[in-house]
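Each residue of the sequence shown is one higher than the last, beginning at -4 in our numbering. The C-beta atom is built at its ideal place from N, Cα and C for all residues, glycine as well. Okay, so here's the structure we're looking at.
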Amino acid sequence: MPRRNPARRAALADAAIRLLPAEGIHGLTHRAVEGVAGLPTGTAANYFRSREELLVAAAERAVSLHLEDMERIDRAVDVSSSPSPLAELIAVSLQDAVTASRERYLAIFELRLEARRRPALAAALARLGAVASAITADEHRTLGLSVSPEAIPTLVTLYGGVLFTLVTGPGGVERDVIRRLAHAIVHGAVDATLVDREPSGLEQRSSDLTDHSRTSTT
């Protein structure tokens, strides 16, 4: 039966997160994780019976740390005078991701690619993504940010794309570039929901022509 020492389990998951960017999925083994964590041989197998369980644990730990960082940033950053508070928070989050937390996000992307071949890992990441989206929506409400529920999936998708580009790039991205990207994420997500709610110019012209045709035939 797997051991239940939360601190040691977290230490093993943290070691897996550190190992993934350096060695990739194929380098993530129980023995390698034990080496990085500085723990005796056999420790990882006591907590994770299979390699897949180890991958899922790394994913859970990475997402948990991500959510902790989001909460920390929300508390630390004063956006009361910002014309675009959500963009400001996202800019700080991206800046942290490409500097202090770059290793963790590289690990997440390694896991997401591997999930295409591992249904259990894919299911775990899907559950974690749903939880993260729900927590994000709650945080927006708590902070008084005017983001509709319909905009959140688009917001998350755009954020993920920018995050991937920045984290997997050569680094050294200027703060002004990150701020511009954050504003594009926010306003792109909001504008996309408006497109869904309002008829496009072509749709409106088609509707006008239909109405005119009906009027002409009566």
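Restricting to Cα atoms, I'd like to know which of T131, Q90, L60 and R170 is closest to A102. Here the question's residue 102 lines up with position 107 in the sequence shown. Taking only the C-alpha atoms, the option nearest A102 is L60.
Which residue spans inside the region 0 to 49 form an unbroken alpha helix (DSSP H) run of at least 4? Look at the region 0 to 49 and you find these whole runs of alpha helix (DSSP H), each 4 residues long or longer: 1 to 18, 25 to 32 and 38 to 42.
If you draw a straight line from the alpha carbon of R111 to that of S77, how long is it in whole angstroms? Position 116 of the sequence shown, counted from the first residue, corresponds to residue 111. Position 82 of the sequence shown, counted from the first residue, corresponds to residue 77. R111 and S77 have their C-alpha atoms some 40 Å from each other.
Tell me, to the nearest whole angstrom, how far the beta carbon of L62 is from that of I130; I am working on the premise that it is less than 8 Å. Within the sequence shown, residue 62 is the residue found at index 67, counting from 1. Within the sequence shown, residue 130 is the residue found at index 135, counting from 1. The pair is a contact, with the Cβ atoms about 6 Å apart (cut-off 8 Å).
Counting along the chain, where does the alpha helix (DSSP H) carrying A95 start and finish? Counted from its first residue, the sequence shown places residue 95 at position 100. Counting along the chain, A95 falls outside any alpha helix (DSSP H), and DSSP gives it neither H nor E.
Quick check on this structure: which residue in A127, L138, E55 and R44 has the alpha carbon closest to the alpha carbon of L81? Within the sequence shown, the letter at position 86 stands for residue 81. For L81, the closest of A127, L138, E55 and R44 by C-alpha to C-alpha distance is L138.
Sequence-distant residues of the same chain with beta carbon closer than 8 Å to L23, five excluded per side: Taking the sequence shown and counting its residues from 1, the one referred to as residue 23 is at position 28. So the qualifying residues of the chain are A11, L14, L15, R46, L49, L50 and A53.
Buried or exposed for S88, going by 16 or more other Cβ atoms inside 10 Å? For the purposes of this step, residue 88 is taken as the residue at position 93 of the sequence shown. With 16 or more other Cβ atoms from the protein chains shown falling within 10 Å of its own Cβ, S88 counts as buried.
Output needed for F43: all residues of its chain with C-beta closer than 8 Å, excluding positions within five of it in sequence on either side, in chain order. Locating residue 43 in the sequence shown gives position 48, where the first residue counts as 1. Contacts found: P(-3), L7, H25, L49 and A52.
By how many angstroms is the C-alpha of G155 removed from the C-alpha of G30? The residue given as residue 30 occupies position 35 in the sequence shown. The residue given as residue 155 occupies position 160 in the sequence shown. Cα to Cα, G30 sits roughly 31 Å from G155.
So, with DSSP's three-state summary, where would you put G156? On the sequence shown, residue 156 is found 161 positions in, with the first residue counted as 1. In this structure, G156 counts as helix in the three-state DSSP scheme.
Start and end residues, alpha helix (DSSP H) containing V126: For the purposes of this step, residue 126 is taken as the residue at position 131 of the sequence shown. Segment P114 to L138, the alpha helix (DSSP H) holding V126.
Count the other CB atoms within 10 Å of the CB of L108; is the residue buried (16 or more) or exposed (fewer)? Counted from its first residue, the sequence shown places residue 108 at position 113. The residue in question, L108, is exposed, as its Cβ has fewer than 16 Cβ neighbours within 10 Å.
Burial state of E169 (16 or more Cβ within 10 Å): Here residue 169 corresponds to residue number 174 of the sequence shown, with the count starting at 1. With fewer than 16 Cβ atoms within 10 Å of its Cβ, E169 is classed as exposed.
Exposed unless 16 or more other CB atoms sit within 10 angstroms - verdict on A95: Mapped onto the sequence shown, residue 95 falls at position 100. Around the C-beta of A95, fewer than 16 other C-beta atoms lie within 10 Å, and the residue is accordingly described as exposed.
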